[in-house]
Amino acid sequence: MSRTHPFRRGLVWLRNDLRLRDNTALYRAAKSCGALAAIYITCPQTWQSHDDGEPVVAFRLACLRELQQSLAAHNIPLYFLELQTFAQVPRALVQIAGKLEIDALFANAEYPLNERHRDAAVRAALKGLRVPVEYSTDRTLLPPGALKTAGGEAYKVFTPFKRAFIARCGGDDFAPLPLPRKMNDEADWPKWIQVQGGNNLVRTIPERLQGYGLLPDGAGRLYGWTPGEKAGARRLRAFRGEIENYADQRDFPGLDATSHLSPYLNCGAVSVRQCVQMALARSSGHWVGGNDGVSCWLGELLWREFYTHLIAAFPRLSMHKPFKPETDRVPWSSDRDRFRQWYAGQTGVPIVDAAMRQLNTCGWMHNRLRMVVASFLTKNLLIDWRWGERYFMRHLLDADLAANNGGWQWAASTGTDAVPYFRVFNPYSQSKRFDRDGEFIRQFVPELRHLDRDAIHCPPQLAGYPLPICDVAQSRKHAIAVFSGLK
Ligand SMILES: Cc1cc2nc3c(=O)[nH]c(=O)nc-3n(C[C@H](O)[C@H](O)[C@H](O)COP(=O)(O)OP(=O)(O)OC[C@H]3O[C@@H](n4cnc5c(N)ncnc54)[C@H](O)[C@@H]3O)c2cc1C
13 MSRTHPFRRG LVWLRNDLRL RDNTALYRAA KSCGALAAIY ITCPQTWQSH
63 DDGEPVVAFR LACLRELQQS LAAHNIPLYF LELQTFAQVP RALVQIAGKL
113 EIDALFANAE YPLNERHRDA AVRAALKGLR VPVEYSTDRT LLPPGALKTA
163 GGEAYKVFTP FKRAFIARCG GDDFAPLPLP RKMNDEADWP KWIQVQGGNN
213 LVRTIPERLQ GYGLLPDGAG RLYGWTPGEK AGARRLRAFR GEIENYADQR
263 DFPGLDATSH LSPYLNCGAV SVRQCVQMAL ARSSGHWVGG NDGVSCWLGE
313 LLWREFYTHL IAAFPRLSMH KPFKPETDRV PWSSDRDRFR QWYAGQTGVP
363 IVDAAMRQLN TCGWMHNRLR MVVASFLTKN LLIDWRWGER YFMRHLLDAD
413 LAANNGGWQW AASTGTDAVP YFRVFNPYSQ SKRFDRDGEF IRQFVPELRH
463 LDRDAIHCPP QLAGYPLPIC DVAQSRKHAI AVFSGLK
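Listed below in structure tokens is the structure:
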């Protein structure tokens, strides 16, 4: 223990918090340790079992490469270790802590079940070496479990959760942290070390991982997105000028009026506190009543918060189980052909096809359309929500278990939605309402480009474009009958 720092040598373990600024674990580690190194551990086998897809993994690695440079400028070397599974992590960290003479480990908490088991095992394993482990709240604004109903339970419905959150929190509670302290030098950290039975601890970040292939293009972009903390900060700054229009325009996919921050928030290149700070600065610090665009956008950040709190409170959500147990009795269809038509954007329902093609070509889909395609798959085609959930996990740049599972279960009426099962989106009315002129459809379904604004939402039989694969009205009735039969 030095005179100024409780720990001589610390290690910060980076996960989905890939930024230098406003990173709680990194900030606290730099403050508490005389010397500091960082580590990033990949577990491709476990990641694949979690359906972490190529886009999200490629985005993480690209963010990590930029972060390595920012950390180096702070004299914090970043080590990289490739393992296969979470189960190998505790033993590897014990060896590393011993060889690097670490006396404290810092990380930001993660909430899905397997991550929590992994982190508890790491804490227990390092206890044997008398190395304390500190997990900080960073992904969410409040630690999951901090908000409880009057009965002392976790909130299961969004609106009361949001009300309780706003009643409890003033804007200043979430001011971002200052930059982490710059370390003296990194000279006494080895370039690499041998780790038994696995790959070595090195300072080179590989281009790609075993089982994962996607690579950034020549300009370092993925599907046109630029990964990294700097690009995330640019997006946040750009959205500052747009946020006032958010409440009025966010539902129209052709307007492109949302922040597009989800890939950055998801891997931690941008922090949720930075988002809150930007938004509150536009509304003189008011969560509600200051500016409609700001309140509405903060409300969306609270959906993210809510789903993360739910994942922490209900382990079954991490286990492919429905939130409402009785919905496990829905006789889901396993029609692979229709599923394939859905994901390929060949259903014959233009707005659904445009949305799925947006996902397949951009690694991202507009929120309104996520609801439309999820409702179409689970209600009109009555295909198991878990198939759609998995497809999204594997193809989204922002794939996140908590938000994705929450969104899918909401759409499938197996989750926390306060509105009962008879919420079934009509894709044609959604299309007419939110893509009035058909501009969005035209962008992603070129076969329909020549149609006018009346015909494009529900086209006549055309060469080169399929007829609808289901009757929307009849399948809606059928879905409602199936759900009401569960009572
Ligand atoms: C079926 C389905 C699956 C989804 N899967 C994911 C996913 O894997 N990862 C993901 O980040 N979001 C998911 N969402 C939520 C939402 O669609 C995206 O967060 C949003 O479209 C991202 O675009 P944006 O960054 O421009 O959002 P903005 O509208 O600018 O919102 C700002 C931020 O708030 C958060 N947010 C917004 N809406 C939601 C929401 N409904 N639930 C949770 N967080 C929200 C996101 O972090 C987003 O970046 C899903 C929604 C549905 C209906």
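Each residue of the sequence shown is one higher than the one before, counting from 13 in this note's numbering. For every residue, glycine included, the Cβ atom is placed at its ideal position computed from N, Cα and C.
Item	Value
Which residues in the same chain have their Cβ closer than 6 Å to the Cβ of S296, if we skip the five residues on either side of it in sequence?	G302
Look up F92 in the DSSP assignment and say whether it is helix, strand or coil.	strand
For I481, I'd like the list of residues in its chain whose CB is within less than 7 Å of its CB, leaving aside the five on either flank, ordered along the chain.	R350, Q353, T359 and G360
Measure the beta-carbon distance from Q442 to V384 and round it to whole angstroms, keeping in mind my assumption that it falls under 8 Å.	5 Å
Hey, how far is the Cα of L314 from the Cα of Q206?	43 Å
Let me check one thing: in DSSP terms, what residues is W237 bridge-paired to?	L234
Counting pairs of beta carbons, one from the stretch 127–139 and one from the stretch 227–242, are three or more of them closer than 8 Å?	no
May I ask which residues mark the beginning and end of the beta strand (DSSP E) holding V384?	That residue, V384, is in no beta strand (DSSP E); its alpha helix (DSSP H) goes N379 to S387.
Where does P275 land, buried or exposed, given buried means 16+ other C-beta within 10 angstroms?	buried
Between the stretch 422–439 and the stretch 167–181, do at least 3 Cβ pairs fall closer than 8 Å?	yes
For a quick check, are the C-beta atoms of Q96 and P56 less than 8 Å apart?	yes
Going by C-alpha to C-alpha distance, which of A42, Q100 and F434 sits closest to D197?	A42
Is R147 helix, strand or coil by DSSP?	The sequence given here places Tyr at residue 147; Arg does not occur at that position. In this structure, Y147 counts as strand in the three-state DSSP scheme.
Count the other C-beta atoms from every protein chain shown that fall within 10 angstroms of the C-beta of S346, then say buried if there are 16 or more, exposed otherwise.	exposed
Nearest CA to the CA of Y52: which residue from L30, F71 and H62?	L30
Buried or exposed: E401, going by 16 or more other Cβ atoms within 10 Å of its Cβ?	buried
May I have the straight-line CA-CA distance separating V484 from T270, to the nearest angstrom?	29 Å
Would E241 pass as a contact of R72 if the rule is Cβ separation under 8 Å?	no
Can you give me the C-alpha to C-alpha distance between L26 and A245, rounded to a whole angstrom?	19 Å
Should L23 be labelled buried (16 or more other beta-carbon atoms within 10 Å of its own) or exposed?	buried
Could you spell out where the beta strand (DSSP E) holding Y52 opens and where it closes?	C45 to T54
For P188 and Y440, what's the separation of their Cα atoms in angstroms?	43 Å
Of all the options A411, N35, Y319 and M377, which has the alpha carbon lying nearest to the alpha carbon of P66?	Per the sequence shown, the amino acid found at residue 66 is Glu instead of Pro. E66 has its Cα closest to that of A411, out of A411, N35, Y319 and M377.
Please tell me whether, using a cut-off of 7 Å, the distance from the CB of M383 to the nearest non-hydrogen atom of ligand 1 is below it.	yes
Going along the chain, which residues of its own chain have a beta-carbon closer than 7 Å to the beta-carbon of F434, five neighbours each way excluded?	I492
Tell me whether the beta-carbon of V69 lies closer than 8 Å to the beta-carbon of L221.	yes
Among S387, V342 and F404, which one has its Cα closest to the Cα of N372?	F404
Do three or more CB pairs link the stretch 145–164 to the stretch 112–120 at distances below 8 Å?	yes
Among R398, L273, L310 and E312, which one has its Cα closest to the Cα of M331?	R398
Express the C-alpha separation of R382 and A424 in angstroms, rounding to a whole number.	12 Å
Distance check for T152 and E312, CA to CA, integer angstroms please.	13 Å
Exposed or buried, R348, counting other C-beta atoms within 10 Å across all chains shown (16 or more means buried)?	exposed
Please list the terminal residues of the continuous alpha helix (DSSP H) segment that includes L322.	D304 to A325
What does R21 pair with, by DSSP beta-bridge criteria?	A47
If I follow the unbroken beta strand (DSSP E) through W120, where does it start and stop?	The sequence as given places Asn at residue 120; Trp does not occur at that position. Looking at the DSSP string, the run of the beta strand (DSSP E) that includes N120 is A116 to N120.
Exposed or buried, which one is T58 when buried takes at least 16 other CB atoms within 10 Å?	buried
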